[in-house]
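Notes follow the structure.
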Amino acid sequence: MLNDWQTSFCISNTVNALFGYVAPAMGAPEISQLLAALIDKTLNDPDNITQIGAWTRAWGPCVWQNTGSNTADNSMFVAVNADKTQYIAAVAATGLHSTFDQQTEDIQVAHVTWPSFSPAHGDSTFIAKGTSIGLTNLLNMVSNGQSLAQFLSTVANKNATLILTGHSLGGALVMPLSLYLFTQSGLSQSSWANVYVYPTAAPTPGSAAFNGLFSATFPPNPAKGTGTNVWNQVIWNFIDVVPHAWTLKADTHGTSIPYLGQITSIYGNPDISSVDNAVTLAAAKVAAANRSAPGYVFNQNNSVFNEGGAPTFPVTDWDTFMRQALYQHTAQYGLSLGTANFNVAQPGLMRASPEQMAAALPLLSQAT
């Protein structure tokens, strides 16, 4: 049986069942129904039950779809175990074919003030504009007449643990989502036995001051934990490019947190001009957004794995760089967490081109 951290990651993966799906003739309600069927199939899979136990959908899934979109742009659901002692809320990652995710939520790095989401003018406590837009979509989702906050208020009890999780974009969104729910939406951690946040592979959603608010509300547990078995810390693969966004080297202040400039040679590769140019452009956009204000800072409360890890094949050009980057951002997490045998039901197989993979990795797209 997998442990609670592994189970959380499996549920997080489950909400991404439509990662590569395109449905030109389907709106959000129909896509929600399809995602619900895939989630149910995943949770009812006998092999999966052997690994994580019996779970069912408790709320959602909800899908938000941008005007003109042909895919799920934001998705979220809550799962509950058989004895209702654990609830896991999972937020979806960037969709492979979601232009909205890739051009808005992932890379709009202008500062907005926390928690008003108004344009920041030198404010120290901020999150990215793209993150605030995604967060607003999540907060406005309704399932069976209830928002996530309303649902959680009805099921909270001191014998149950709540875990909020997400991978990649989902990891970046789940941190401000958790903070908003328990500081702005009337929810109280004291109503639960425990409330934990488990973000994986997340880019930096905001400033050091925002990180401080998050960590004060959700202290690392255990306080000195390492690896993947920790709560309330960003779990990241040392050679995953995504957590290196959006911190600039000047804002690390000599600490060991990841930053953008490390990406160009992250796989021990020779100079690849297209990668160098993408990182340079992203860094320039972030610097312009920072202006005279404090910059983006990766949360000091983070837990890294795969230090000293090597790429799984030689990286020599843009194509091999992107294939390695996507592998380290996705498959390596399942291998390192020991969840690679958990099977997520999907509507069909898809093959991604290097261009599609580049779009799915935000910091290698054009930051705005």
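Going by UniProt numbering, the first residue of the sequence shown is number 1, and it counts up by one from there.
Note that the Cβ used here is the ideal one computed from N, Cα and C, for glycine as well.
{"Asked": "Status (buried if at least 16 other CB within 10 Å, exposed otherwise) for residue 6", "Found": "buried"}
{"Asked": "Limits of the beta strand (DSSP E) - the one that residue 96 falls within", "Found": "Premise fails: residue 96 is in no beta strand (DSSP E) and is neither H nor E."}
{"Asked": "Pair within 9 Å by beta-carbon distance, residue 223 and residue 191", "Found": "no"}
{"Asked": "Local conformation of residue 208 per DSSP, three classes", "Found": "helix"}
{"Asked": "Same chain only: Cβ atoms within 8 Å of residue 247, ignoring 5 sequence neighbours per side", "Found": "204, 257, 258, 259, 260, 295, 296, 297 and 298"}
{"Asked": "Any 3 or more C-beta pairs closer than 8 Å across the stretch 263–283 and the stretch 300–318", "Found": "yes"}
{"Asked": "Burial state of residue 251 (16 or more Cβ within 10 Å)", "Found": "buried"}
{"Asked": "Start-end ranges of the beta strand (DSSP E) lying completely within the stretch 44–123, minimum 3 residues", "Found": "55–64, 74–81, 86–91 and 111–113"}
{"Asked": "Residue 128 - partner residues in DSSP beta bridges", "Found": "111"}
{"Asked": "Residue 102 beta carbon less than 9 Å from that of residue 94", "Found": "yes"}
{"Asked": "Cross-strand partners of residue 198 (DSSP beta bridge)", "Found": "165"}
{"Asked": "Residues bridged to residue 304 [DSSP beta-bridge criterion]", "Found": "236"}
{"Asked": "Reference residue 303; option with closest CA among 151, 225 and 330", "Found": "225"}
{"Asked": "8 Å contact criterion, which residue 179 and residue 138 should meet: CB distance rounded", "Found": "No, residue 179 and residue 138 are not in contact; Cβ-Cβ is about 12 Å, not under 8 Å."}
{"Asked": "Residue from 209, 199, 207 and 239 whose Cα sits closest to the Cα of residue 220", "Found": "199"}
{"Asked": "From 286, 31, 26 and 233, residue whose alpha carbon lies closest to that of residue 165", "Found": "233"}
{"Asked": "Between the CA atoms of residue 148 and residue 183 - distance to the nearest angstrom", "Found": "14 Å"}
{"Asked": "Residue 33 burial status per 10 Å Cβ neighbour count (16 or more: buried)", "Found": "exposed"}
{"Asked": "Residue 51 to residue 86 span [Cα, whole Å]", "Found": "16 Å"}
{"Asked": "From 209, 210 and 151, residue whose alpha carbon lies closest to that of residue 187", "Found": "151"}
{"Asked": "Which of helix, strand or coil DSSP assigns to residue 143", "Found": "strand"}
{"Asked": "Identity of the residues DSSP links to residue 231 by a beta bridge", "Found": "221"}
{"Asked": "Rounded distance between the beta-carbons of residue 283 and residue 110, thought under 8 Å", "Found": "Between residue 283 and residue 110 the Cβ distance is about 15 Å, and since that is not below 8 Å, they are no contact."}
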